[in-house]
Amino acid sequence: MNVVIIKYNAGNIFSVDYALRRLGVNAEITGDIEKIQKADKVIFPGVGEAETTMKYLKEHSLDKVIKSLRQPTLGICIGMQLMCQSSEEAANGKVECLGIFNEEVKRFIPNAQINKVPHMGWNTIHDLKSTLFEGLPDNPYFYYVHSYYATIGANTVATTDYMHPYSAALQKDNFYAVQFHPEKSGSMGEIILKNFLNLC
Amino acid sequence: MLAKRIIPCLDIKDGQTVKGINFVNIRNVGDPVELGAEYSRQGADELVFLDITASHEGRKTFVDLVRRIAQNISIPFTVGGGIHELSDVDKLLGAGADKVSINSAAIKNPDLISDVAKNFGCQVCTVAIDAKLDESGEWTCYLNGGRIATEKKLFSWAKEAQERGAGEILFTSMNHDGVKQGFANEALARLSESLSIPVIASGGAGKMEHFKDVFEQGKADAALAASIFHFHEIAIPDLKKYLSNEGIPMRLV
Numbered sequence: 001m002n003v004v005i006i007k008y009n010a011g012n013i014f015s016v017d018y019a020l021r022r023l024g025v026n027a028e029i030t031g032d033i034e035k036i037q038k039a040d041k042v043i044f045p046g047v048g049e050a051e052t053t054m055k056y057l058k059e060h061s062l063d064k065v066i067k068s069l070r071q072p073t074l075g076i077c078i079g080m081q082l083m084c085q086s087s088e089e090a091a092n093g094k095v096e097c098l099g100i101f102n103e104e105v106k107r108f109i110p111n112a113q114i115n116k117v118p119h120m121g122w123n124t125i126h127d128l129k130s131t132l133f134e135g136l137p138d139n140p141y142f143y144y145v146h147s148y149y150a151t152i153g154a155n156t157v158a159t160t161d162y163m164h165p166y167s168a169a170l171q172k173d174n175f176y177a178v179q180f181h182p183e184k185s186g187s188m189g190e191i192i193l194k195n196f197l198n199l200c
Numbered sequence: 001m002l003a004k005r006i007i008p009c010l011d012i013k014d015g016q017t018v019k020g021i022n023f024v025n026i027r028n029v030g031d032p033v034e035l036g037a038e039y040s041r042q043g044a045d046e047l048v049f050l051d052i053t054a055s056h057e058g059r060k061t062f063v064d065l066v067r068r069i070a071q072n073i074s075i076p077f078t079v080g081g082g083i084h085e086l087s088d089v090d091k092l093l094g095a096g097a098d099k100v101s102i103n104s105a106a107i108k109n110p111d112l113i114s115d116v117a118k119n120f121g122c123q124v125c126t127v128a129i130d131a132k133l134d135e136s137g138e139w140t141c142y143l144n145g146g147r148i149a150t151e152k153k154l155f156s157w158a159k160e161a162q163e164r165g166a167g168e169i170l171f172t173s174m175n176h177d178g179v180k181q182g183f184a185n186e187a188l189a190r191l192s193e194s195l196s197i198p199v200i201a202s203g204g205a206g207k208m209e210h211f212k213d214v215f216e217q218g219k220a221d222a223a224l225a226a227s228i229f230h231f232h233e234i235a236i237p238d239l240k241k242y243l244s245n246e247g248i249p250m251r252l253v
């Protein structure tokens, strides 16, 4: 199986590579359009800022490439947010994103009960509606680090509560996405990565 | 619900965990990767590796070690010790660390916090503060592992660090560290309530009740300890089960 991790101007993409190696899969980390298009599975990971990352993707034509993929594709963290309609993580408060999912990305607004942003640490997911989650126990914990979240919508396949419920995972056709970091979530994360690798 | 985090801290010298750590079920306790993996299996939520090496060669060894940790351990980890400039941060993150902890260098050069946040994102930048409650009732920040007092005060410095882009504050109370009589809950609660970023409590853990207190009274988001875990005075699975039974949100493995 030929797995490609999309290389772009985001941090922390090696963690995903290491996690896949622990599962016995040697992925290729590349920004090469042809290699991405020909892969059996594509992972779009990363930690970064939405506006600068979108700009980078457009400059390298990766925006069109990612939208047109037909193989199973997994967005992680900022990857998931960029697959949404738009994000508030921008100098003028809104940047158009890839629009694969209709959901929008908004900033967490601290309230009286919860005043900490970023949402950092381990939290549970519930209302699971995807093959990605097969074999997980009830209320499994995953590792999160983020200050923006995707709203709940038609593509929501898992929910997490922090200040309010939001999309922990999205899915539409061949596109899968998770807000948390499966590559940093111990054995629970491995189940999800395995499930993704097993998709046809 | 977001769980409170339990974080063991490992001191590293020349690429090895410092002597004295005593673990029955792993072959080489001197190997930080094996020890870290064991803590991960036991349910540690994150790991902190603190490089206490002074030599240049030791530093290079540490970067290699960070790469091995990232390759082998599937939970987040922070590295600290000897970070002076942006290029140090770049090397450690490039090797696979999730976060870096900056202490003395941030006090000497506060712009380093802003630079790290701007270049790598707030979430990677933990600012560690060692502070001591002095006779006048003020918390004074110290440099170089608590050897040199500074002009900085805990609450204002933590606030400044947050404004400059710190993603987390790791506060060690020098009054409580090593005494095993509980964490500095009063100061921690004030710190946690005055900040909008998570606070990691360090210094003072002696028994399981201390962790309950630091989360309930100290309002900490995470608690860090070293020797009580390394010397089996408290086992992480027992601790997390106890805290969970006490109503504290915990990730049980």
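Keeping their order, the protein sequence lines are chains Y and X.
Residues in the first sequence are numbered consecutively from 1, following the numbering used here.
Residues in the second sequence are numbered consecutively from 1, following the numbering used here.
Every residue, glycine too, gets a C-beta built ideally from N, C-alpha and C.
Predicted model, so just to flag it, every value in this text is computed and none were measured.
Checklist entry - Is Y/E96 helix, strand or coil by DSSP? => result Residue numbering aside, residue 96 of chain Y sits at position 96 when the first sequence is read from its first letter. Strand, per DSSP.
Checklist entry - Could you check where the alpha helix (DSSP H) with X/A70 kicks off and where it finishes? => result Looking up residue 70 of chain X in the second sequence gives position 70. From DSSP, the alpha helix (DSSP H) with X/A70 extends over H56 to N72.
Checklist entry - How many angstroms separate the CA atom of Y/S185 from the CA atom of Y/Q81? => result Indexing the first sequence from 1 puts residue 185 of chain Y at position 185. Indexing the first sequence from 1 puts residue 81 of chain Y at position 81. About 19 Å.
Checklist entry - Does X/A128 get closer than 8 Å to chain Y when you measure Cβ to Cβ? => result Here residue 128 of chain X refers to the residue found at position 128 when the second sequence is read from its first residue. So no, X/A128 is outside the interface.
Next on the checklist: Let me make sure I understand the geometry here. Which of X/F229, X/R190, X/I102 and X/T78 has the alpha-carbon closest to that of X/L154?
Outcome noted: Here residue 154 of chain X corresponds to residue number 154 of the second sequence, with the count starting at 1. X/L154 has its Cα closest to that of X/R190, out of X/F229, X/R190, X/I102 and X/T78.
Next on the checklist: For Y/Q179, count the other beta carbons within 10 Å of its own beta carbon; 16 or more makes it buried, fewer makes it exposed. Which is it?
Outcome noted: Within the first sequence, residue 179 of chain Y is the residue found at index 179, counting from 1. It is buried - the Cβ of Y/Q179 has at least 16 other Cβ atoms within 10 Å.
Checklist entry - Which whole runs of the beta strand (DSSP E) in the segment 145-233 of chain X are 3 residues long or more, in chain order? => result List check, beta strand (DSSP E) in window: 148-153, 168-173, 199-202 and 222-225.
Checklist entry - Which residues, in chain order, does the segment 114-125 of chain Y contribute to contact with chain X at a C-beta distance below 9 Å? => result I114, N115, K116, V117, P118, H119, M120, G121, W122, N123 and T124
Item to check | Y/A112 burial status per 10 Å Cβ neighbour count (16 or more: buried) | outcome: On the first sequence, position 112 is the one that residue 112 of chain Y refers to. It is exposed - the Cβ of Y/A112 has fewer than 16 other Cβ atoms within 10 Å.
Checklist entry - From which residue to which residue does the alpha helix (DSSP H) around Y/K38 run? => result Position 38 of the first sequence, counted from the start, is the residue given in the question as residue 38 of chain Y. Y/K38 -> alpha helix (DSSP H) spans I33 to K38.
Checklist entry - Quick one: complete beta strand (DSSP E) runs, 3+ long, within the segment 84-110 of chain X? => result 99-102
Next on the checklist: For the segment 111-138 of chain X, list every residue whose C-beta sits within 8 Å of some C-beta in chain A, in sequence order.
Outcome noted: Protein chains Y and X are contained in the structure displayed, whereas chain A is not.
Next on the checklist: Can you tell me which residues form a DSSP beta bridge with Y/N157?
Outcome noted: Sequence index remark: in the first sequence, residue 157 of chain Y carries index 157 (1-based). The question names Asn, yet the displayed sequence has Val at residue 157 of chain Y. BP columns for Y/V157 are empty, so no partner.
Next on the checklist: Distance cutoff 8 Å, beta carbons only. Does Y/P72 sit that close to anything in chain X?
Outcome noted: What you label residue 72 of chain Y is simply residue 72 of the first sequence in a count that begins at 1. No, no contact with chain X.
Item to check | Short-range partners of chain Y found in the segment 38-52 of chain X, where Cβ spacing is below 7 Å | outcome: Going along the segment 38-52 of chain X in chain order, one finds S40 and D45 with a Cβ nearer than 7 Å to chain Y.
Next on the checklist: Output needed for X/A3: all residues of its chain with C-beta closer than 6 Å, excluding positions within five of it in sequence on either side, in chain order.
Outcome noted: Indexing the second sequence from 1 puts residue 3 of chain X at position 3. Correct list, in chain order: P249, M250 and R251.
Checklist entry - Taking C-alpha atoms, which residue in X/A70, X/G247, X/A128 and X/A44 lies nearest to Y/F14? => result Numbered from its first residue, the first sequence carries residue 14 of chain Y at position 14. If we check each option's Cα against that of Y/F14, X/A70 comes out closest.
Checklist entry - Any C-beta of chain X sitting closer than 8 Å to the C-beta of Y/P45? => result Position 45 of the first sequence, counted from the first residue, corresponds to residue 45 of chain Y. No, Y/P45 lies away from the interface with chain X (no Cβ there is under 8 Å from its Cβ).
Item to check | Which listed residue (Y/Y176, Y/V145 and Y/G135) has its alpha carbon closest to that of Y/S187 | outcome: Position 187 of the first sequence holds residue 187 of chain Y. Per the Cα distances, Y/G135.
Checklist entry - What did DSSP end up calling Y/G271 once you bin it into helix, strand or coil? => result Summary: the structure shown does not reach residue 271 of chain Y, with chain Y confined to residues 1 through 200, and so no result is reported for it.
Item to check | beta strand (DSSP E) segment containing Y/N123, residue limits | outcome: Taking the first residue of the first sequence as 1, we reach residue 123 of chain Y at position 123. H119 to T124 is the extent of the beta strand (DSSP E) around Y/N123.
Checklist entry - Can you list, in chain order, the residues of its chain whose CB lies under 7 Å from that of Y/K94, leaving out five sequence neighbours each side? => result Indexing the first sequence from 1 puts residue 94 of chain Y at position 94. For Y/K94, where only same-chain residues beyond five positions count, the Cβ hits under 7 Å are S86 and E88.
Next on the checklist: Rounded to the nearest angstrom, what separates Y/I33 and X/F171 at their Cα positions?
Outcome noted: Reading the first sequence from its first residue, position 33 is the one you call residue 33 of chain Y. Reading the second sequence from its first residue, position 171 is the one you call residue 171 of chain X. If you take the alpha carbons of Y/I33 and X/F171, they lie about 46 Å apart.
Next on the checklist: Classify X/M56: buried if its beta carbon has 16 or more other beta carbons within 10 angstroms, exposed otherwise.
Outcome noted: Within the second sequence, the letter at position 56 stands for residue 56 of chain X. Residue identity differs from the one stated: residue 56 of chain X is His in this sequence, not Met. By the 10 Å Cβ count, X/H56 comes out exposed.
Item to check | Members of the segment 13-25 of chain Y that neighbour chain X once the beta carbon cut-off is set at 8 Å | outcome: F14, S15, Y18, A19, R21 and R22
Next on the checklist: Would X/A220 and X/L188 qualify as a contact pair, given that the criterion is a beta-carbon distance under 8 Å?
Outcome noted: Residue numbering aside, residue 220 of chain X sits at position 220 when the second sequence is read from its first letter. Residue numbering aside, residue 188 of chain X sits at position 188 when the second sequence is read from its first letter. Yes; because the gap between Cβ atoms is below 8 Å, this pair is in contact.
Next on the checklist: If the criterion is Cβ atoms closer than 8 Å, does the pair Y/T53 and Y/Y8 meet it?
Outcome noted: Walking along the first sequence from the start, residue 53 of chain Y turns up at place 53. Walking along the first sequence from the start, residue 8 of chain Y turns up at place 8. Yes, they are a contact pair.
Next on the checklist: For a contact defined as C-beta to C-beta under 7 Å, what are the partners of X/P76 on chain Y?
Outcome noted: Stepping through the second sequence from its first residue, residue 76 of chain X is reached at position 76. Chain Y residues near X/P76: Y143 and K184.
Item to check | Partner residues on chain Y for X/P198, Cβ-Cβ distance less than 7 Å | outcome: If you number the second sequence from 1, residue 198 of chain X lands on position 198. Per Cβ cutoff of 7 Å: K116 and M120.
Checklist entry - Three or more C-beta pairs closer than 8 Å, one from the segment 53-69 of chain Y and one from the segment 119-127 of chain Y: is that the case here? => result no
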